[in-house]
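Protein chains: 2
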Amino acid sequence: MELTGRSWLGGTRAATSGRSFRAVNPATGEALAPDFHSASGADVERACRAAHDASGAFGLSAPATRASFLRAIAERLEGARDAIVARAMEESGLPRNRLHSELGRTTGQLQLFADVAAEGSWVDARIDTAQPDRKPMPRPDVRSMRRPLGPVAVFGASNFPLAFSVAGGDTASALAAGNPVVVKAHPAHPATSEIAAGAIAEAAEACGLPAGVFALLFDDGFAVGEALVRHPLIRAVGFTGSRAGGEALARLAASRPQPIPVFAEMGSVNPVLVLPGALRERSDALAEGLHASFTMGTGQFCTNPGFVLVPAGPDGDAFAQRLAERTRATPGGTMLTPRIASAYAAGQERLRRLDAQLLAEGAEAESAAAGRAALWQVDAAAAVVKSALAEEVFGPSTLLVRYGSDRELERLLDAIEGQLTATVLAAPGELAQHAAVLRLLEGKAGRVVFDQFPTGVEVCPAMVHGGPVPATSDGRTTSVGTRAIERFTRLAAFQNAPASVLPPELQDANPYGVSRLVNGRPSSDPIGSG
Amino acid sequence: MELTGRSWLGGTRAATSGRSFRAVNPATGEALAPDFHSASGADVERACRAAHDASGAFGLSAPATRASFLRAIAERLEGARDAIVARAMEESGLPRNRLHSELGRTTGQLQLFADVAAEGSWVDARIDTAQPDRKPMPRPDVRSMRRPLGPVAVFGASNFPLAFSVAGGDTASALAAGNPVVVKAHPAHPATSEIAAGAIAEAAEACGLPAGVFALLFDDGFAVGEALVRHPLIRAVGFTGSRAGGEALARLAASRPQPIPVFAEMGSVNPVLVLPGALRERSDALAEGLHASFTMGTGQFCTNPGFVLVPAGPDGDAFAQRLAERTRATPGGTMLTPRIASAYAAGQERLRRLDAQLLAEGAEAESAAAGRAALWQVDAAAAVVKSALAEEVFGPSTLLVRYGSDRELERLLDAIEGQLTATVLAAPGELAQHAAVLRLLEGKAGRVVFDQFPTGVEVCPAMVHGGPVPATSDGRTTSVGTRAIERFTRLAAFQNAPASVLPPELQDANPYGVSRLVNGRPSSDPIGSG
């Protein structure tokens, strides 16, 4: 596919008149051709208008149509695999194997949402039939289901240029539910974004869908993203990125004349609680696992464990020692962008200013965006007082917090903010002795992990990749797993409606055969005439 | 039950030191004994702390326990029926029959949520079992479900002193899901509130639940409500009332260091679209139905039809004429409070200033809070220009908007804000000729009613009493119907967790026998060892 550097506006392409920018290879610092052109206000308007115009037909499209669309996107991404991986490597600095597996995850997500859309029960169709003779008042016929919201703005994330970007999870779940999508491309990987956009646009055309179901807007500043979130035709926002970015979008959306939901996944420090028995039993294995988890992918995961509660005393000292050895042996890595590398360096400086003790550093990398592993340590007493120690440092760094008692743990965990994950490493039977601590942890995190590590988010029906504010802007939902199809929807009821105006899922005949709640009981059967 | 006028703080009672106020009988203007005492900041703190302390045990209580609790509340309310109805009549001016049926609705809601809690499938339990041999990576065991949020602040509504107040829908759904509730009593019906609080507190004690699961705070100002929404231990807010009030609470909640969800139901004008064929076929019956709907209960329903689109021309004129006759014959009513009566008068004045034509008025009432029925009319062209014509007037008033064409309808409906309901009155087969208009209406409302009237909200599994902003602050949810149990929850996942720490709904044995999604398939069976 030929790269044009122009935004995709739902059927048409933007002019090249806007300010231009280039991606930068974070390993070499080299600017990569071609030029990409920032979208104009008129481009945003055109993309949103096309999305709005497409939303009626797309929102009413058959589940099978949406499933075919998602599968067609996956096929085309698969077809462009080598080009995508090659470009993503240049633009993100991520290694080839990682990107191959991330592409597999991306197409897997699309196929999973295709299955969910085709199966159809996610709409939560409910039918309460009329009882005209009920006393004292007749009961009306009431039917309801989840319906798409309309155009959704999705912000590509820097750290997953495929799985959380143009054709990533938010796009897949929004399309699966019947919402057109307008993506704001992350400026760190514009070419990767354009290739993915091409796959989506081609798939839409092949499936006979209006071109407005998808648009891609380029910008290396904030103007396009802001205009998108403010645009009256945009009905919801999906975002994965920094806390500052997510909170800014949430504020912007809340200040609209008609506020819209923002689903921002903003990361967290993902506390890991190491219990004494676990250390006595398998300290080395845990050090190995934790080290792998916090340095994996140069530490650039939202679920990176950055705050590790380790017992004071000799067992904890030995564990810290073992982690320090592994940290010193860690090769230097390339971060996603020079800016992220600078922010990482600033985060290290912040830990230093907060009087954390640097236990070990890894090797330096020869890179324009070098990220060097680091292991820090503080006392629990310090962490209770200095809440900034529990702020995320995005990169291959972690902080050991040495605790003396469960009471100290409780004070620490009581003060900690909402988290995507919390992890507990325990010996068999040990959890029962720490019930209060465990309950505190559970209340703070979207996912609690036992004797495994938080990095790696399985894409499956039960997954919750979310968590209380400020890990996300809305702890009632998830950005990974099949439940994500529910986030870009609203409830709509029809009372005493003729069959002709009902969505198929609510018609007596149940033509899609979805599971429904009929007069309070689950059923996939048609409602009989008898 | 003896009335004390003191707030209930989850086990203890507030002092009588606070500023005192009395309810006012809106029919007579008479102040009603006893004095009620506004809660202090310390009272708010104590109520929230008790709720927080109760939330762990209550959140983990068995479904059967929560169901018994809700049924025990319903029994006690039923036991106090005569006292409640007598007090609510004095405090609200609502007629006896209406309050008897509202109490039935209130106990019915509690029983319905008891059934939902006991059945248990609402938690959406999902289990994906481990696949240790999967390549290239093992699949972890992941389990998740909806969990209660913690203490919920509920604001009693003035217009349903029973069904949307202390023991109303928000309280029932929050308790059913396992959340302690702190109610801010509406100052218009404090004695009714205290009797209902007594029923809840007694039921909690009888069921062996911690007293902190429920508290009731009195205040005739805004300080207690604000302190409650700002309190760090409060996790969500339920509100039914004015747009100004709901938006203020939503802003307050969004400005917290950790924002919390606000489910505010703020009312709307509930547009009614009268199509030409319907008028040709049964103009008189429609006029009768519409008149009954907009004047019922002195027009004090969130679903009151206040914006009626009627064709220009002779059929529409005759319809308006018939409505005017009925309006003139409408007896005067007593509104809920003198303040609401003043606001209604101001709303009438606003319609006058917007150059709406007053077609008819009903009789005046002899009352300290009189509400007189009114029928207004404007041209569609005026309504397109003056959006304030589509703002709610709370009371027995409606506005006929005379339209000439579908294009005019589309412009009107395109400009209209989110609505709780939209109603279409059509002749058989007529809907098909107005598909675009119909689609616009559907996009604007939580519930679309066909050939019935919007007042009267059936409490059933399929009901949606919600709608896009600004009808509510969150169109993804409902305040009536069984789905309301989901609003005060979040998603929580457990990865690789030992059975001992899993909630029963996620344990292999499935002790409550709830329907779950196991490896993507619905099942109520235990997960076998085989």
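Protein sequences, first through last, are from chains C and U.
Residues 767 to 1296 in my numbering are what the first sequence spells out, letter by letter.
Residues 767 to 1296 in my numbering are what the second sequence spells out, letter by letter.
Here a beta-carbon is modelled for each residue, glycine too, at the ideal position from N, C-alpha and C.
Computed from a predicted model, the values in this text were never measured in an experiment.
First and last residue of the uninterrupted beta strand (DSSP E) at GLY1209 of chain C
Per DSSP, GLY1209 of chain C belongs to no beta strand (DSSP E); it is in the alpha helix (DSSP H), 1201 to 1210.
Using a cut-off of 8 Å between C-beta atoms, extract the partners of VAL1280 of chain C located in chain U.
Chain U residues near VAL1280 of chain C: none, gap ~12 Å exceeds 8 Å.
Applying the 10 Å Cβ sphere with the 16-neighbour rule, what's the burial state of GLN1024 of chain U?
exposed
Can you check DSSP and say which residues form a bridge with VAL1028 of chain U?
U:VAL1003
Buried or exposed (CB count within 10 angstroms, at least 16 for buried), VAL932 of chain U
buried
For PRO1042 of chain C and VAL1215 of chain C, what's the separation of their Cα atoms in angstroms?
17 Å
Contact check, VAL949 of chain C vs LEU982 of chain C under 8 Å by CB: the rounded distance?
5 Å
Run through DSSP, which three-state label would VAL990 of chain C get?
helix
Cβ shell of ALA1147 of chain U (< 8 Å), same chain only, five flanking positions each side left out:
GLU1174
Near ALA849 of chain U, which residues of its chain fall below 8 Å by C-beta distance, leaving aside the five closest residues on each side in sequence?
MET767 and ILE961
For SER1290 of chain C and SER1281 of chain C, I'd like the C-alpha separation in whole angstroms.
4 Å
Determine the chain U residues that contact ILE893 of chain C at a beta-carbon separation under 7 Å, and present them in chain order.
ALA1228
Applying the 10 Å Cβ sphere with the 16-neighbour rule, what's the burial state of ASN945 of chain U?
buried
Determine the DSSP secondary structure at PHE1085 of chain U, reduced to helix, strand or coil.
helix
Check GLU1127 of chain U in the structure and name its three-state DSSP category.
strand
In three-state DSSP terms, what is ARG779 of chain U?
strand
Under a three-way DSSP split, which group does THR1189 of chain U fall into?
strand
Would you say GLN1273 of chain U lies against chain C (beta-carbon separation less than 8 Å)?
no
Along chain U, in chain order, which residues have C-beta atoms closer than 8 Å to that of SER871 of chain C?
Here residue 871 of chain C turns out to be Arg, not Ser, going by the sequence shown. Within chain U, no residue comes near ARG871 of chain C; the closest Cβ sits about 11 Å away, beyond 8 Å.
Rounded to the nearest angstrom, how far is the Cβ of ALA816 of chain C from that of LEU775 of chain C, given a contact under 8 Å?
6 Å
Neighbourhood of LEU915 of chain C by C-beta distance below 7 Å, restricted to the same chain and skipping five residues each side:
ASN945, ARG1001, ALA1002, PHE1254, THR1255 and ARG1256
Using CA coordinates, which residue listed in U:PRO1104, U:GLY886, U:LEU1178 and U:PRO1037 is at the minimum distance from PRO1270 of chain U?
U:GLY886
For GLU844 of chain C, go through chain U and note every residue whose CB falls closer than 8 Å to its CB, in chain order.
What GLU844 of chain C touches in chain U: nothing, since even the nearest Cβ is about 17 Å away.
So, for GLY779 of chain U: in the same chain, excluding its five sequence neighbours on each side, which residues have a beta-carbon less than 6 Å away from its beta-carbon?
The amino acid occupying residue 779 of chain U in the given sequence is Arg; Gly does not appear at that position. Cβ neighbours of ARG779 of chain U beyond the five flanking positions: ARG772.
Starting from ASP1145 of chain U, trace the beta strand (DSSP E) both ways and give me its first and last residue.
1140 to 1145
Taking Cβ-Cβ distances below 7 Å as the criterion, which residues of the region 952 to 980 of chain C are in contact with chain U?
none
Please list the partners that PRO1234 of chain U has in chain C, where partner means a Cβ-to-Cβ separation under 8 Å.
GLN1024 and ARG1256
Does GLY886 of chain U come within less than 8 Å of chain C when only Cβ atoms are used?
no
Could you check what DSSP says for GLY922 of chain C in three-state terms: helix, strand or coil?
coil
Cβ-based burial, ASP890 of chain U [other Cβ within 10 Å; buried from 16]:
buried
Excluding the five sequence neighbours on either side, which residues of its own chain have a C-beta within less than 7 Å of the C-beta of ASP1180 of chain C, listed in chain order?
LEU1206
Ordered along the chain, which non-local residues of its own chain (more than five positions away) have a Cβ less than 7 Å from that of MET855 of chain U?
ARG862 and LEU865
Mapping the DSSP letters down to three states, classify GLY1296 of chain U as helix, strand or coil.
Summary for GLY1296 of chain U: the model assigns pLDDT 46, below 50, so the residue's position carries little reliability; its value from the coordinates is reported in the next sentence. In this structure, GLY1296 of chain U counts as coil in the three-state DSSP scheme.
Judging by CA-CA distance, which residue of U:ALA1058, U:HIS803 and U:ARG1116 is the nearest neighbour of LYS1152 of chain U?
U:ARG1116
Can you tell me the Cα-Cα spacing of GLY1296 of chain U and ARG1287 of chain U, whole angstroms?
Bear in mind that a pLDDT of 46 at GLY1296 of chain U, under 50, signals an unreliable position, so the model cannot answer this.
Any residues in the region 1259 to 1270 of chain C with a beta carbon nearer than 8 Å to a beta carbon of chain U? Which ones, in chain order?
ALA1259, PHE1260, GLN1261, ASN1262, ALA1263, PRO1264, SER1266 and VAL1267
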